[in-house]
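J.: One structure, pasted below without further comment.
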Amino acid sequence: MAATLCCIKPADYCHTETSSHSSDSTVTRGLWERVRDTMDGRNASKHRRVKHDFAFSGLIACGHCECSIVGEIKKQRYIYYHCTGYKGKCDEPYVREEVLEEKFAALLGRLVFDDEVLDWVRDALHDSHAEERREHEEAIKRLRAKYDRLQNRIHAAYVDKLDGAIEPAFFEKISMEWRGEQDRCLRDIERHQGADRSYLEDGVRLIELAQNAQRLFEKQDSREKRRLLNFLVSNSSWQDGELTATLRQPFDLIAETTAIEAKRKAAEDISNDLSVNWLRRQDSNLRQVG
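One point on numbering: in my numbering, the residue at position 114 of the sequence shown is 266, and numbering is uninterrupted.
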């Protein structure tokens, strides 16, 4: 359990563009905005304008022939998905969009965890952040030491120039190179400082996303559903009425942790029930003997 939790670390996510969406009292606009701010570049591509923006078109492969599963409107109101059949006639039957929604919602439901698991994830995140902070602090210390060494070189070269030991043109050339290295040091220091500040914040956003992914999915429109699934899920396929999909890291680890905790609690409940039944039988036997 501990090893799994320690692997739950925020990845290098970047900001993407925002778009309009619906919200309600359960899934707040602020939460959705924070979640979307963690979505990486794979969701930042420009969306081509289409007549109908189907939620799952292009996300799912046919399990029979590996062609894409695409949406189609039937009777001007019902949305069905089917294999494109680019490789020939495919036997996979049409499926209603609501069925796919239920399957994906069930998959995201694996990320829902209780307060105990939430505390464990937070502890692991803070432990991971402490290690990450040490690494950044050590890197900053090395960069500052390098900056100071370069400054000492510039000062020594300036004294040599004043003493006539080196030519002014050579001093200008070498000092310019050293100042360029100093500028790179300062940029790297700033990068490490920024990474340290954002590490824990990004981790909290990932936890928020995992905990609320199912509700977010159920409340958003088709385009936002697709963006959310692109961020959370990969390798989705549909075959014989069953959805197969893989949660991306670190959400797969969160789901694994949640499943382990659920099994542990179930085993405890069974053990407690057995203990209670055993004690009741023992008490009953003693009463009969008495």
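All residues carry an ideal CB built from backbone N, CA and C; glycine is no exception.
This structure is a prediction, so every number in the text was calculated from the model and none was measured.
(1) What separation, rounded to the nearest whole angstrom, lies between the Cα atoms of Asn283 and Ala411?
(2) Classify Thr396 as helix, strand or coil using the three-state DSSP reduction.
(3) By DSSP, does Ala213 sit in helix, in strand, or in coil?
(4) Within a Cβ cutoff of 8 Å, which residues of the same chain sit near Ile306, ignoring the five residues on either side of it in sequence?
(5) On the DSSP bridge list, what partners appear for Cys337?
(6) Using the Cα positions of Ala309 and His281, report the straight-line distance between them to the nearest angstrom.
(7) Identify whether Gly237 lies in helix, strand or coil by the three-state DSSP scheme.
(8) Taking Glu244 as the reference, which of Gly215, Glu268, Glu250, Lys415 has the closest Cα?
(9) Let's test the definition: count the other Cβ atoms within 10 Å of the Cβ of Asn364 and tell me whether it reaches 16, buried, or not, exposed.
(10) Ala362 and Ile292 - do their beta-carbons sit closer together than 7 Å?
(11) Thinking C-beta only, is Ile231 closer than 7 Å to Gly237?
(12) Tell me whether the segment 381–397 and the segment 294–304 touch, counting them as touching only if at least three CB pairs, one residue from each stretch, are closer than 8 Å.
(13) Is the CB-CB distance between His344 and His288 below 7 Å?
(14) Does the separation of the CB atoms of Phe369 and Leu259 fall below 7 Å?
(15) Indicate the three-state DSSP secondary structure (helix, strand or coil) for Val311 in the structure shown.
(16) Consult DSSP for Arg305 and reduce its assignment to one of helix, strand or coil.
(17) Can you tell me whether Ile221 is helix, strand or coil according to DSSP?
(18) In whole angstroms, give me the CA-to-CA distance for Val179 and Glu254.
(19) With DSSP run on the structure shown, which of helix, strand or coil describes His173?
(20) Let me confirm a value: Ile225 is counted as buried when at least 16 other C-beta atoms fall within 10 Å, else exposed. Which label applies?
(21) Quick check on Ala321: buried or exposed, where buried means 16 or more other Cβ atoms within 10 Å of its Cβ?
(22) Could you check if Ala207 is buried or exposed, using at least 16 other CB atoms within 10 Å of its CB as the buried criterion?
(23) Would you call Gly393 buried or exposed, if buried means 16 or more other Cβ atoms sit within 10 Å of its Cβ?
(24) Under DSSP, the beta strand (DSSP E) around Val264 begins and ends at which residues?
(25) Taking Ile212 as the reference, which of Arg229, Gly240, Gln228, Leu252 has the closest Cα?
T.: Concretely, from the data shown:
(1) Taking the sequence shown and counting its residues from 1, the one referred to as residue 283 is at position 131. Taking the sequence shown and counting its residues from 1, the one referred to as residue 411 is at position 259. Reading off the sequence, residue 283 comes out as Glu, not Asn. Rounded to the nearest angstrom, the two C-alpha atoms are 27 Å apart.
(2) Here the question's residue 396 lines up with position 244 in the sequence shown. Thr396: strand per DSSP, three-state reduction.
(3) Within the sequence shown, residue 213 is the residue found at index 61, counting from 1. Reduced to three states, the DSSP call for Ala213 is strand.
(4) For the purposes of this step, residue 306 is identified with residue 154 of the sequence shown, where counting begins at 1. Close CB contacts of Ile306 within its chain, under the 8 Å cut and outside five residues either way in sequence, are with Ser327, Trp330, Arg331 (chain order).
(5) Locating residue 337 in the sequence shown gives position 185, where the first residue counts as 1. DSSP lists no bridge partner for Cys337.
(6) Numbered from its first residue, the sequence shown carries residue 309 at position 157. Numbered from its first residue, the sequence shown carries residue 281 at position 129. Between Ala309 and His281, the alpha-carbon positions lie close to 42 Å from each other.
(7) The sequence position of residue 237 within the sequence shown is 85, counting from 1. Of the three classes helix, strand and coil, the one that applies to Gly237 here is coil, per DSSP.
(8) In the sequence shown, the residue the question calls residue 244 occupies position 92. Comparing Cα positions, the closest option is Gly215.
(9) Here the question's residue 364 lines up with position 212 in the sequence shown. Classification of Asn364: buried, given that the 10 Å Cβ count is 16 or more.
(10) Taking the sequence shown and counting its residues from 1, the one referred to as residue 292 is at position 140. Taking the sequence shown and counting its residues from 1, the one referred to as residue 362 is at position 210. Cβ atoms of Ile292 and Ala362: not closer than 7 Å.
(11) For this step, residue 237 is matched to residue 85 along the sequence shown. For this step, residue 231 is matched to residue 79 along the sequence shown. Result no, Cβ atoms of Gly237 and Ile231 do not sit closer than 7 Å.
(12) no
(13) The residue given as residue 344 occupies position 192 in the sequence shown. The residue given as residue 288 occupies position 136 in the sequence shown. It is a contact, given that the beta carbons lie within the stated cut-off.
(14) In the sequence shown, counting from the first residue as 1, residue 369 sits at position 217. In the sequence shown, counting from the first residue as 1, residue 259 sits at position 107. Cβ atoms of Phe369 and Leu259: not closer than 7 Å.
(15) What you label residue 311 is simply residue 159 of the sequence shown in a count that begins at 1. Residue state, collapsed to three classes: helix.
(16) The count along the sequence shown starts at 1 and reaches residue 305 at position 153. In the structure shown, Arg305 sits in a helix (DSSP, three-state: H, G or I).
(17) What you label residue 221 is simply residue 69 of the sequence shown in a count that begins at 1. It is a strand residue.
(18) Within the sequence shown, numbered from 1, the residue matching residue 179 stands at position 27. Within the sequence shown, numbered from 1, the residue matching residue 254 stands at position 102. Confidence is the limiting factor: at Val179 the pLDDT is only 39, short of 50, which leaves the residue's position unreliable, though a coordinate-based value still follows. Cα-Cα distance, rounded: 19 Å.
(19) Here residue 173 refers to the residue found at position 21 of the sequence shown. Because His173 sits at a pLDDT of 35, beneath the cut-off of 50, its placement in the model cannot be relied upon, and the following sentence gives the value as read from the coordinates. Coil at His173, not helix or strand.
(20) Taking the first residue of the sequence shown as 1, we reach residue 225 at position 73. Exposed, by the Cβ-count rule.
(21) The residue given as residue 321 occupies position 169 in the sequence shown. Exposed, by the Cβ-count rule.
(22) Within the sequence shown, the letter at position 55 stands for residue 207. When all chains shown are included, Ala207 counts as buried.
(23) As a position in the sequence shown, residue 393 is number 241, starting the count at 1. Exposed.
(24) Counting from 1 along the sequence shown, the entry for residue 264 is found at position 112. No beta strand (DSSP E) contains Val264, which DSSP labels as neither H nor E.
(25) Here the question's residue 212 lines up with position 60 in the sequence shown. If we check each option's Cα against that of Ile212, Leu252 comes out closest.
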